[in-house]
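Novice:
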Amino acid sequence: MKETLSYQAYLKSPYKSIKHSTYFAVYDDLFARYRGKEITFVEIGVLGGGSLFMWREFLGPKARIIGIDLNPNAKKWEAEGFDIFIGSQSDKQFWQDFVKKVGKVDVVLDDGGHTYEQQIITTEMLLDSINDQGMLVVEDTHTSYMDGFGSRRYSFIEYVKCLIDKMNQRFSELNTTASDRRVWSIQTYESFVAFHIRRSASDLVSESTDNGGTDDAAMDYRYFDHDAVKSIDGLARKFNFLKYIPGARWLGAKAKNYVIVQKSKRKLKKYFSSDS
Ligand SMILES: C[S@@+](CC[C@H](N)C(=O)[O-])C[C@H]1O[C@@H](n2cnc3c(N)ncnc32)[C@H](O)[C@@H]1O
């Protein structure tokens, strides 16, 4: 912790800020790339102003730092050169007005109220307003496992899992209408989720490519360590002539899938229990 640049900046802030020891490595990992750059950095949750000064120290004088809080007292930090917006992060209209006024930003760090509603509405309202190579980072995501922040069924982490599913729907062989192209990559840490924006990558149409090299006709050994599937494949080769019977291929594929599913269920179940 002590060796991180963000921790050094935290110590230099003249005003109080309270942060967990594990957070500084995450800040360095995500935000070091923006140091010394002319970026717009938005922090939701100002409280005593300590973190605004920390970010100025960490990012350097070229960064425009915007603080957002529901508490109107936060407005006083404008006298120190920060831009302050007063409003609720769970209010869609607040975000529409904010985006109209500020335009696209590079980084958003959500350290606001930490309820699922606040985290999800903020993410939904801002994902399209982050510049390319930018990111939206939600802090204190452990509230998804705690009481007092909303319905756990609709927790922020459950929402993130849903977004991961939608991101993967971009793959060519799936590509359903449920796919989502707003985020290129979702990175998780203890207590943090970072949504990385790179539109040239997330807008790219997924399709199979071929490098044009010589085809060695190599065999795929995916199920060669699976006796039951190997036997089914052996039978399929033996009774290949049956493939002309209507439904025979379909039945073969179903049988193969059934044994694959049963074996993987037995072997993998333990990894899906929260106490494994
Ligand atoms: C955890 S504190 C921020 C701490 C500060 N970032 C730091 O590191 O020192 C959370 C802040 O979020 C603000 N907040 C709570 N609910 C909010 C909402 N709905 N919209 C905007 N700000 C909110 C609170 O007023 C409080 O100042």
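Using the UniProt record's numbering, you'd call the opening residue of the sequence shown number 1 and step up by one each time. C-beta: ideal position from N, C-alpha, C; glycine also.
So if DSSP puts residue 110 in a beta bridge, which residue, or which two residues, is it bridged to?
Specialist: Bridge partners of residue 110: 44 and 138.
Novice: Specify the secondary structure class of residue 200 as computed by DSSP and reduced to three states.
Specialist: helix
Novice: Given that a residue counts as buried once 16 or more other Cβ atoms are within 10 Å of its Cβ, and exposed if not, what is residue 10?
Specialist: Buried is the call here.
Novice: Leaving out the 5 sequence neighbours to the left and right, which residues in its chain are closer than 6 Å to residue 276 when beta-carbon positions are compared?
Specialist: At residue 276, the pLDDT of 46 sits below 50, so the modelled position is not reliable; the number obtained from the coordinates is stated separately. Excluding residues within five positions, the ones whose Cβ falls inside 6 Å are 270.
Novice: Return yes when the C-beta of residue 46 is under 7 Å from any heavy atom of ligand 1, and no when it is not.
Specialist: yes
Novice: Cβ of residue 11 within 7 Å of any heavy atom in ligand 1?
Specialist: no
Novice: Is residue 70 near ligand 1 - that is, is its Cβ less than 7 Å away from at least one heavy atom of it?
Specialist: It does: the Cβ of residue 70 is within 7 Å (strictly closer) of some heavy atom of ligand 1.
Novice: Can you list, in chain order, the residues of its chain whose CB lies under 8 Å from that of residue 62, leaving out five sequence neighbours each side?
Specialist: 36, 37, 38 and 39
Novice: Please report the Cβ distance between residue 129 and residue 171, rounded to the nearest whole angstrom; I am assuming they are in contact, meaning their Cβ atoms lie under 8 Å.
Specialist: That pair is no contact at about 26 Å.
Novice: Mind checking whether residue 48 and residue 12 have CB atoms under 8 Å apart?
Specialist: no
Novice: Could you say which of 106, 141, 273 and 86 lies nearest to residue 67 if we only look at CA atoms?
Specialist: Shortest Cα-Cα distance from residue 67 to any of 106, 141, 273 and 86 involves 86.
Novice: Within this structure, are the beta carbons of residue 176 and residue 169 separated by less than 8 Å?
Specialist: In terms of Cβ geometry, residue 176 and residue 169 form a close pair [threshold 8 Å].
Novice: On the premise that residue 89 lies in contact with residue 44, defined as a C-beta separation below 8 Å, what is that separation, rounded to the nearest angstrom?
Specialist: 5 Å
Novice: If we ignore side chains and look at the alpha-carbon of each, how far apart do residue 124 and residue 105 end up?
Specialist: 15 Å
Novice: Near residue 144, what residues of its chain come up, given a Cβ to Cβ distance below 8 Å and the 5 sequence neighbours on each side ignored?
Specialist: For residue 144, where only same-chain residues beyond five positions count, the Cβ hits under 8 Å are 116, 152, 155, 156, 157 and 158.
Novice: Would residue 77 pass as a contact of residue 52 if the rule is Cβ separation under 8 Å?
Specialist: yes
Novice: Check for me: the alpha helix (DSSP H) holding residue 39 runs from which residue to which?
Specialist: Segment: none, residue 39 is in no alpha helix (DSSP H) and carries neither H nor E.
Novice: Residue 26 and residue 192 - do their beta-carbons sit closer together than 8 Å?
Specialist: In contact: residue 192 and residue 26 (Cβ atoms closer than 8 Å).
Novice: Once you ignore the five residues that flank residue 7 on each side, which residues in its own chain have a CB closer than 8 Å to its CB?
Specialist: 1 and 24
Novice: First and last residue of the alpha helix (DSSP H) that includes residue 264?
Specialist: 248-268
Novice: In chain order, what residues of the same chain have a beta carbon less than 7 Å from the beta carbon of residue 256, not counting five sequence neighbours either side?
Specialist: 229 and 232
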